[in-house]
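Each residue of the sequence shown is one higher than the one before, counting from 17 in our numbering.
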Amino acid sequence: MLRGRRIFLAVSVGVATGVVWTLGVWAFLVEPATLTVRQVTVESATWTGAPLRIGLISDTHVAAPHTDVARIERLVARMNRERPDVIMLMGDYAGGHEPAATRARPEQSEILRGVEAFRGLSAPLGVHGVLGNHDSWYDDAAIAGAMRRAGVRVLENRAERVERPGGAFWIAGLADMESPREGPRVARTLATVGDAAPVIALTHWPDPFVEVPGRVALTLAGHTHCGQVNLPFVGRLVHASRMSERWACGLYDEDGRKLFVTGGVGVSILPVRFRAPPEIVILTLRRPARASIQASRVP
Numbered sequence: 017m018l019r020g021r022r023i024f025l026a027v028s029v030g031v032a033t034g035v036v037w038t039l040g041v042w043a044f045l046v047e048p049a050t051l052t053v054r055q056v057t058v059e060s061a062t063w064t065g066a067p068l069r070i071g072l073i074s075d076t077h078v079a080a081p082h083t084d085v086a087r088i089e090r091l092v093a094r095m096n097r098e099r100p101d102v103i104m105l106m107g108d109y110a111g112g113h114e115p116a117a118t119r120a121r122p123e124q125s126e127i128l129r130g131v132e133a134f135r136g137l138s139a140p141l142g143v144h145g146v147l148g149n150h151d152s153w154y155d156d157a158a159i160a161g162a163m164r165r166a167g168v169r170v171l172e173n174r175a176e177r178v179e180r181p182g183g184a185f186w187i188a189g190l191a192d193m194e195s196p197r198e199g200p201r202v203a204r205t206l207a208t209v210g211d212a213a214p215v216i217a218l219t220h221w222p223d224p225f226v227e228v229p230g231r232v233a234l235t236l237a238g239h240t241h242c243g244q245v246n247l248p249f250v251g252r253l254v255h256a257s258r259m260s261e262r263w264a265c266g267l268y269d270e271d272g273r274k275l276f277v278t279g280g281v282g283v284s285i286l287p288v289r290f291r292a293p294p295e296i297v298i299l300t301l302r303r304p305a306r307a308s309i310q311a312s313r314v315p
């Protein structure tokens, strides 16, 4: 009887060890290197134009584990195959937490080349972006310069009107909450919108959504990594900001105000993702009919 218990205990320990090892390999080596294309449809009562297909890329964290320039180039090619009408870049293109001046030159070069790789993105209504906190910590001027060299329209507390046959709209980009110059100014930025055309707001952090009025058809955000680690029965272990617990991942509707938070591509702090796979998003914004959300893993 005692021998049977010992065998059972040994087998149980072996199985548990194998499961933990397998999950660790998945979380540290496999899942962070995957890419999911999430297809999302959002209906907004304040969207008055024809449906708009938006490509979202966020939190690439170049030079952090799992993300180099070659991966960004593959991501760009994958996004282009989806043929979005417009592409939005949601911040945190730099990996790490230290300023550029403390980094080795090869790492500085890799980060800027990773940002400049966005020049390969193609969308008829252009590529527009905001900065994130890692960009502010690194060197926001250098990151913004690399974005502009790549043909990206960088919006910091500024709105731009986009013309198209299906109806013009505005893109209002907010500054990073840790910008060395100024944080997001929602009311001031929206005050520059010059007509009644619908507005899409871009913010790296979801937190400024508390100030976004119903006039805005959709707010887009990143930053959260969808928690990066999402354990069964426990949930997300880390929340990246004060409001990230409330708006951690996906689509939110608060009294008709719409927010979509993408989990982004890269990693931060730990080189791990678990049940929070790297993603790019194709989001279709349209007038109310019916909504659906689905995801498909890239082979």
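A virtual CB, placed ideally from N, CA and C, is assigned to each residue, including glycine.
Problem - Test item: CB-CB of ALA104 and HIS144 under 8 Å - result: Residue mapping note: residue 104 aligns to position 88 of the sequence shown, counting from 1. Residue mapping note: residue 144 aligns to position 128 of the sequence shown, counting from 1. The sequence shown places Met at residue 104, not Ala. Cβ atoms of MET104 and HIS144: closer than 8 Å.
Exercise for the section: Excluding the 5 residues preceding and the 5 following ILE127 in the sequence, name in chain order all residues of the same chain whose CB lies nearer than 6 Å to its CB. Expected result: Within the sequence shown, residue 127 is the residue found at index 111, counting from 1. Cβ-Cβ distances below 6 Å link ILE127 to VAL78, ALA79 and ALA110 in the same chain, with the five nearest sequence neighbours on each side left out; the list follows chain order.
Exercise for the section: Could you tell me which uninterrupted beta strand (DSSP E) segments, each at least 3 residues in length, are contained entirely in the region 164-236, listed from first to last along the chain? Expected result: You should have 174-178, 185-189 and 215-218.
Problem - DSSP state of GLU123 mapped onto helix, strand, coil - result: As a position in the sequence shown, residue 123 is number 107, starting the count at 1. For GLU123, the secondary structure class from DSSP, reduced to helix, strand or coil, is helix.
Handout entry: Counted within 10 angstroms of its Cβ, other Cβ atoms place ARG313 as buried (16 or more) or exposed
Key = By 1-based counting over the sequence shown, the position of residue 313 is 297. A caution first: ARG313 carries a pLDDT of 45, below 50, which makes its placement in the model unreliable, though a value can still be read off. In the assembly as shown, ARG313 is an exposed residue. Its beta-carbon has fewer than 16 other beta-carbons within 10 Å.
Problem - Under 8 Å between C-beta atoms of SER74 and VAL232 - result: Translated into the one-based positions of the sequence shown, residue 74 becomes position 58. Translated into the one-based positions of the sequence shown, residue 232 becomes position 216. For SER74 and VAL232, no; Cβs fall outside 8 Å.
Practice task
Assuming GLY148 contacts HIS239 (C-beta within less than 8 Å), just tell me the rounded distance between them.
Solution key: Indexing the sequence shown from 1 puts residue 148 at position 132. Indexing the sequence shown from 1 puts residue 239 at position 223. Rounded, the Cβ-Cβ distance is 6 Å, consistent with contact.
Exercise for the section: Keeping to the same chain, check which residues put their C-beta closer than 8 Å to that of GLY199; ignore five residues upstream and five downstream. Expected result: On the sequence shown, position 183 is the one that residue 199 refers to. Hits under 8 Å: ALA191, ASP192 and MET193.
Problem - Spatial distance of ARG197 from ASN173 (CA atoms) - result: Residue 197 sits at position 181 when you count from the first residue of the sequence shown. Residue 173 sits at position 157 when you count from the first residue of the sequence shown. Distance between the alpha carbons of ARG197 and ASN173 is about 11 Å.
Problem - Environment of HIS113 [buried if 16+ CB atoms lie within 10 Å] - result: Taking the sequence shown and counting its residues from 1, the one referred to as residue 113 is at position 97. That one is exposed.
Practice task
Taking only the alpha-carbon atoms, compute the straight-line gap between ALA157 and GLN55 and give it to the nearest angstrom.
Solution key: In the sequence shown, residue 157 corresponds to position 141, counting from 1. In the sequence shown, residue 55 corresponds to position 39, counting from 1. The straight-line gap from Cα to Cα measures roughly 33 Å.
Practice task
Report the three-state DSSP secondary structure of HIS144 (helix, strand or coil).
Solution key: In the sequence shown, the residue the question calls residue 144 occupies position 128. Here HIS144 sits in strand by DSSP.
Practice task
Go ahead and pull the three-state DSSP assignment for ARG99.
Solution key: Position 83 of the sequence shown, counting from 1, holds the residue named residue 99. DSSP places ARG99 in coil when its eight states are reduced to three.
Problem - First and last residue of the uninterrupted beta strand (DSSP E) at ARG302 - result: Sequence index remark: in the sequence shown, residue 302 carries index 286 (1-based). Counting along the chain, the beta strand (DSSP E) containing ARG302 begins and ends at 295-302.
Handout entry: Stretch pair the region 288-296 + the region 269-277: three plus CB contacts closer than 8 Å
Key = The region 269-277 and the region 288-296 do not touch, with fewer than three beta-carbon pairs separated by less than 8 Å.
Exercise for the section: Give me the Cβ distance between LEU253 and GLY243, rounded to the nearest whole Å; I'm assuming they're in contact under 8 Å. Expected result: Working through the sequence shown from its first residue, we reach residue 253 at position 237. Working through the sequence shown from its first residue, we reach residue 243 at position 227. Confirmed, Cβ separation roughly 7 Å.
Exercise for the section: Count the other CB atoms, across all protein chains shown, that sit within 10 Å of the CB of VAL168; report buried if there are 16 or more and exposed otherwise. Expected result: As a working note, residue 168 is residue 152 in the sequence shown. If you draw a 10 Å sphere on the C-beta of VAL168, you find 16 or more other C-beta atoms in it, and that means buried.
Practice task
With LEU275 as the anchor, note down where its beta strand (DSSP E) starts and where it stops.
Solution key: Numbered from 1 along the sequence shown, position 259 holds the residue referred to as residue 275. For LEU275, the uninterrupted beta strand (DSSP E) segment begins and ends at 273-277.
Problem - VAL146 beta carbon less than 8 Å from that of GLU83 - result: Against the sequence shown, residue 83 aligns to sequence position 67. Against the sequence shown, residue 146 aligns to sequence position 130. Per the sequence shown, residue 83 should be read as Thr rather than Glu. In this structure, VAL146 does not lie closer than 8 Å to THR83 by Cβ.
Problem - For ILE285, the nearest candidate out of ILE296, VAL245, PHE276 and ARG302 (CA to CA) - result: Here residue 285 refers to the residue found at position 269 of the sequence shown. With distances taken between Cα atoms, ILE285 lies closest to VAL245.
Handout entry: Segment limits, beta strand (DSSP E) that includes GLY71
Key = Residue 71 sits at position 55 when you count from the first residue of the sequence shown. DSSP places GLY71 inside the beta strand (DSSP E), whose first and last residues are 68-73.
Handout entry: Closest residue to ASP48 among ARG69, TRP63, VAL58 and THR76 (Cα-Cα distance)
Key = Locating residue 48 in the sequence shown gives position 32, counting from the first residue. The question names Asp, yet the displayed sequence has Pro at residue 48. Comparing alpha-carbon positions, the option among ARG69, TRP63, VAL58 and THR76 lying closest to PRO48 turns out to be THR76.
Exercise for the section: Taking only the alpha-carbon atoms, compute the straight-line gap between TRP221 and ALA237 and give it to the nearest angstrom. Expected result: Start at 1 with the first residue of the sequence shown, and residue 221 comes out as number 205. Start at 1 with the first residue of the sequence shown, and residue 237 comes out as number 221. Their Cα atoms are separated by approximately 6 Å.
Exercise for the section: Assign ASP223 to one of two classes, buried (16 or more other C-beta atoms within 10 Å of its C-beta) or exposed (fewer than that). Expected result: In the sequence shown, residue 223 corresponds to position 207, counting from 1. Buried, because 16 or more other Cβ atoms sit within 10 Å of the Cβ of ASP223.
Exercise for the section: Compute every distance between the C-beta of THR205 and the non-hydrogen atoms of the ligand NAD, then say whether any falls below 7 Å. Expected result: Ligands displayed in this structure: none; no statement on the ligand NAD is therefore possible.
Practice task
Could you tell me whether the Cβ atoms of ILE88 and ALA133 are closer together than 8 Å?
Solution key: Residue numbering aside, residue 88 sits at position 72 when the sequence shown is read from its first letter. Residue numbering aside, residue 133 sits at position 117 when the sequence shown is read from its first letter. Here ILE88 is near ALA133, since their CB atoms are less than 8 Å apart.
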